[in-house]
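Protein chains in written order, with this note's numbering: chain A, 4 to 525; chain B, 11 to 329. Note that beta-carbon positions come from the ideal geometry of N, C-alpha and C, so glycine has one too. In this text, all values refer to a predicted model and were calculated from it rather than measured experimentally. What follows is a set of notes on a single structure, which appears directly below.
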Amino acid sequence: MSEDTKDTIVISRRDLLLAALSGAALSAVPGGLAHAQAAPRRGGVIRIVAPANPSSLDPATGGAGSDHSTLWPIYDTLTEWDYQTLKVVPGMAEWSTPDPQTLVLKLRSDKIVFHDGTPMDAEAVKFNLERNRADSRSNVKADLGSVVSVEVVSPTEVRIKLSQPDAALPAILSDRAGMMISPKAVKELGAESDRKPVGAGPWKFVSWTDNDKVVLTRHEKYWKPNRPYLDGMEVLIIPDQATALRSVTSEQNHLAYNLSPRYKPLADRAKNLTVSTGPTLYCFQIYFNYSRAPLDNPKVRQAINLAIDRPAFVKATQGGLGEAAYMLLPSSHWAYDKQVAALYPYDPAHAKKLLAEAGFPNGLEISFGGYNDQDSVRRAEVVMEMLRKVGINAKFTNGSIAEISGQFFGNEKKFDALLSAWTGRPDPSMTYSLGFAKGAYYNAGRSEASPELSALLKESRLKEDPEFRKAVFAKIQHIVMEQALVAPLAFRYELVAATKQVKDFRPNLLGKPKFNDVWLAS
Amino acid sequence: MATQARKWEFVWRRLLQTLPVIVFATFVVFALLKLVPGDIALTLAGDNATEQRIAEIRHLYGLDRPFLVQYGSWLWKAVHGDLSVSLLSGEPVLTSILRSLPNTLLIVAIALLLALLAGIPLGIGAASRPGSLLDRGLMTFASLGVAVPNFWLAMILVSMFALERNWFPTTGSVPLGENPYEALRHAVLPALALAAGGMAEVARQLRSSLAELLSSQQVRTLHAKGVRPAVILWKHGLKNVSVNLLTVIALLANRLLAATVVVEAVFAIPGMGSLIVHGAVHRDFPVVQGVVFTMVLIVIVINFTADALYRVVDPRVRS
């Protein structure tokens, strides 16, 4: 689900014109100043452009993927990940698994305090995990489904009892479920915690005005020494990307992220901007309803996978800024598998043959759901044309994300397929269970693809050993791709435009930017 | 005394007439939001949605209640001054509106002012010599104003005056009470973009009614009596077309309010337009209802004011 594009209101012709016009304007901007590399400077308030209004600033009750970049600054997580590979690393806590059904979390400091001055200790961790697991307002209940009980061992240590081994848990605690909120604030504020977040992250909350901005200021008692560099952060909500980029080009704001590749030439041309790009887990893909005809036939689904010329897709829809997707993980991910990635080269002849074997020698019509913003429409056009070449007539119905995805995944079961995206998850087991487990919401047909897959999904959580998990994921990916339960198309690249004043910003593989290391040159 | 009583009766009647309008407008919008596909529960359930969670959310937010019950409960609260909170973000709708409305009103007010300041002289200029080169030139110019889409003009203005020359900010807005100078500086470009169409409309309407009047028998008589052309134009002409002009202004003000939706997006102004677009896209019906409610009120106030002014400028309406 491309949840984090749902706020991007794109008015197509306007954008095109805008792109053309501001392009002309940008080229007239004189060259920026070159800064020498220096040690991080303390101070300054960064103005960051975010594409969407947060759904909530309480990590447990929010839902949109676009929230994270505003949540990371307010909340530190129990675990974190490596920016490039998403390998889990300690955050506020280190973890160990004395036995497969126990996870021990040990806080790395006894000096961690929330913004309201209360201690971020084992009691707070217990409170948070129990709230996330059971509170009626929690959206992350399913993430902590394996947790049975949380026991405080010492002020800096908790012991989590699990109903079954869950090797995905450390990664899950790097996301919403591991963002720690002040128990005192939650008890006092109730549902108001959505709008008055109190975390233990580097910046504390000042104000949030809907569709306008979120203001944060330095947490003076932040537990990491000499951090953060920035005195504060203003997150400005600008859904229109061209406008977002313009506001950075004019140096009114410092940084805009999650830009469409469409704006790369514009950003490149502006001499006063630094452009950062990097792969993300965000995968454009075709979802199949494989519980009914015609897509219940694996040969038809395989034919679709063979009919897509992925490098051409990246070129046509992302201006070459992206990575062809042959499975649901990009090549830089720790669980990427080369053999799986080789399953579907571009082979229209083979696709036609498979269609003939499936009983469609003269081709067939498949109904597609799609979205009506400019980038989505372009993707739909390219897919349509590629499928047409093998005899598949893709009949698209376009609409808003909420409307079309609801019709496809919800009870209506409209359309055979949906051209959308998957935003990616810190642990691959989350991606595969959310998308392909029997009864999962993002498995539109709700049917079980194969008992073997169900067993493997469980197995992937048995042991934490990376080599073991890599092997299990290879098998899962093999089944998913061999049976063609999905047609991955391309991974989105992060595109960030920042003024030269912004230093040490690095994109991450999750595609949800963190600003913890960023500082502003004077 | 009789006139005084009539005046109040007029006011009361008008106010009573507005009630069904408000109920009808909010009901239609509510029905539309519910009829079109798309479910806010999906958005609220977020990225890790499960069917169970979606059902829970429907229940939690009362979205599983019958349609009329949902509308009724909204209306009941609204009547008691509670516009509910945004389903998406939890912000009280009244707070959002009170923050956004001044931003929108400022732009609309400046745009209206600019449209009148430019449109009235253009209209008079054209009408004073109907059919002349000046007339045709001015009217071609005005047609251009109508034809140019405001978002396009907005982008041209930004690239000329905000990106190339750093005269105005590219985006955003500042509350008038916080910093009047910055507030105006932020509002100039969006107001200009909005004003172009209005200017043209005022000019064209004024020209046509004025030209018609100036060729009437009444004016011919005035000429025959030897009244100077300037006096005819200013004293007799403008006075007579002022009713038409009032109508145009009221319509224009209402239309500008709607047109801000696009301009607000181009300039990233957190106004009523951004509010309603965001609300409508995600089916956040309390927000949409609140904005519609406010807009209907504003339009009613504008029309009411125009009606009241008719009575001032046109003695025939009074009797």
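Just the chain A side, please: which residues come within less than 7 angstroms of residue i by C-beta, in chain order?
| i | result |
| --- | --- |
| Leu-98 of chain B | Ser-58 |
| Glu-101 of chain B | Arg-198 and Asp-213 |
| Ala-206 of chain B | Result: empty, since nearest Cβ-Cβ is about 16 angstroms, beyond 7 angstroms. |
| Ser-106 of chain B | Asp-213 |
| Arg-109 of chain B | Thr-212 |
Quick one: what's got a C-beta closer than 8 angstroms to residue i's C-beta in the same chain, skipping five residues either side?
| i | result |
| --- | --- |
| Lys-164 of chain A | Gln-104, Thr-105, Val-150, Val-151, Ser-152, Val-153 and Glu-154 |
| Leu-367 of chain A | Pro-297, Val-303, Leu-358, Gly-394, Ile-395 and Asn-396 |
| Ile-115 of chain A | Asp-79, Met-95, Pro-122, Met-123, Asp-124, Ala-203 and Trp-226 |
Indicate whether at least one CB of chain A lies closer than 9 angstroms to the CB of residue i.
| i | result |
| --- | --- |
| Asn-189 of chain B | no |
| Asn-313 of chain B | no |
| Ile-117 of chain B | no |
| Leu-154 of chain B | no |
| Glu-66 of chain B | yes |
| Val-309 of chain B | no |
| Arg-63 of chain B | yes |
Secondary structure at residue i, three-state DSSP: helix, strand or coil?
| i | result |
| --- | --- |
| Ser-253 of chain A | coil |
| Pro-282 of chain A | strand |
| Lys-224 of chain A | coil |
| Arg-391 of chain A | helix |
| Thr-434 of chain A | helix |
| Pro-297 of chain A | coil |
| Ile-369 of chain A | strand |
| Ser-219 of chain B | helix |
| Thr-400 of chain A | strand |
| Ala-361 of chain A | coil |
| Leu-422 of chain A | strand |
| Ile-49 of chain A | strand |
| Ser-157 of chain A | strand |
| Pro-159 of chain B | coil |
| Lys-506 of chain A | strand |
Give me the chain A residues within the contact set of residue i, using Cβ-Cβ distance strictly less than 9 angstroms, ordered along the chain.
| i | result |
| --- | --- |
| Thr-231 of chain B | Those do not exist, as Thr-231 of chain B stays about 53 angstroms from chain A at its closest Cβ, beyond 9 angstroms. |
| Val-273 of chain B | In chain order: nothing, as chain A lies at least about 11 angstroms away. |
| Leu-70 of chain B | Ser-139 and Arg-140 |
Indicate whether at least one CB of chain B lies closer than 9 angstroms to the CB of residue i.
| i | result |
| --- | --- |
| Asn-292 of chain A | no |
| Gly-34 of chain A | Note that Gly-34 of chain A scores 36 on pLDDT, short of 50, meaning its location in the model is unreliable and no value can be drawn from it. |
| Lys-441 of chain A | no |
| Met-236 of chain A | no |
| Thr-246 of chain A | yes |
| Tyr-435 of chain A | no |
| Ala-170 of chain A | no |
| Phe-287 of chain A | no |
| Glu-406 of chain A | yes |
| Arg-382 of chain A | no |
| Asp-531 of chain A | Given that chain A is displayed from residue 4 to residue 525, the structure contains no residue 531 of chain A and the question cannot be resolved. |
| Tyr-445 of chain A | yes |
| Ala-500 of chain A | no |
| Arg-221 of chain A | no |
Along chain B, in chain order, which residues have C-beta atoms closer than 8 angstroms to that of residue i?
| i | result |
| --- | --- |
| Gly-66 of chain A | Thr-53, Leu-54, Ala-55, Gly-56, Asp-57, Asn-58 and Ala-59 |
| Thr-252 of chain A | Leu-173 and Thr-180 |
| Gln-255 of chain A | Pro-179, Thr-180, Thr-181 and Gly-182 |
| Ala-194 of chain A | Gly-100 |
If the cut is a Cβ gap below 7 angstroms, which residues of chain B does residue i touch?
| i | result |
| --- | --- |
| Ile-241 of chain A | Thr-181 and Ala-278 |
| Arg-136 of chain A | Those within 7 angstroms of Arg-136 of chain A in chain B number zero; the least Cβ separation is about 13 angstroms. |
| Gly-47 of chain A | Near Gly-47 of chain A there are no residues of chain B at all, since even the closest Cβ is about 19 angstroms away, more than 7 angstroms. |
If I measure Cβ to Cβ from residue i and keep anything under 6 angstroms in the same chain, skipping five residues before and after, which residues do I get?
| i | result |
| --- | --- |
| Pro-173 of chain A | Thr-82, Val-91 and Trp-98 |
| Gly-65 of chain A | Ser-58 and Ser-59 |
| Phe-117 of chain A | Met-123, Ser-185, Val-201 and Ala-203 |
| Gln-255 of chain A | none |
Check the DSSP bridge columns for residue i and list the partner residues they point to.
| i | result |
| --- | --- |
| Val-217 of chain A | A:Trp-211 and A:Val-238 |
| Lys-164 of chain A | A:Thr-105 and A:Ser-152 |
| Trp-84 of chain A | A:Val-91 |
| Ala-493 of chain A | A:Phe-287 and A:Ala-327 |
| Ala-500 of chain A | A:Ala-259 and A:Val-278 |
| Leu-110 of chain A | A:Ala-96 |
In chain A, which residues lie less than 8 angstroms from residue i when you measure between Cβ atoms?
| i | result |
| --- | --- |
| His-90 of chain B | The contacting residues do not exist; His-90 of chain B stays about 21 angstroms from chain A at best. |
If you drop the 5 nearest sequence neighbours on each side, which residues of the same chain put their C-beta closer than 7 angstroms to that of residue i?
| i | result |
| --- | --- |
| Arg-382 of chain A | Phe-287, Thr-320 and Leu-422 |
| Phe-314 of chain B | Arg-24 |
| Leu-223 of chain B | Val-229, Gly-247, Asn-250 and Val-251 |
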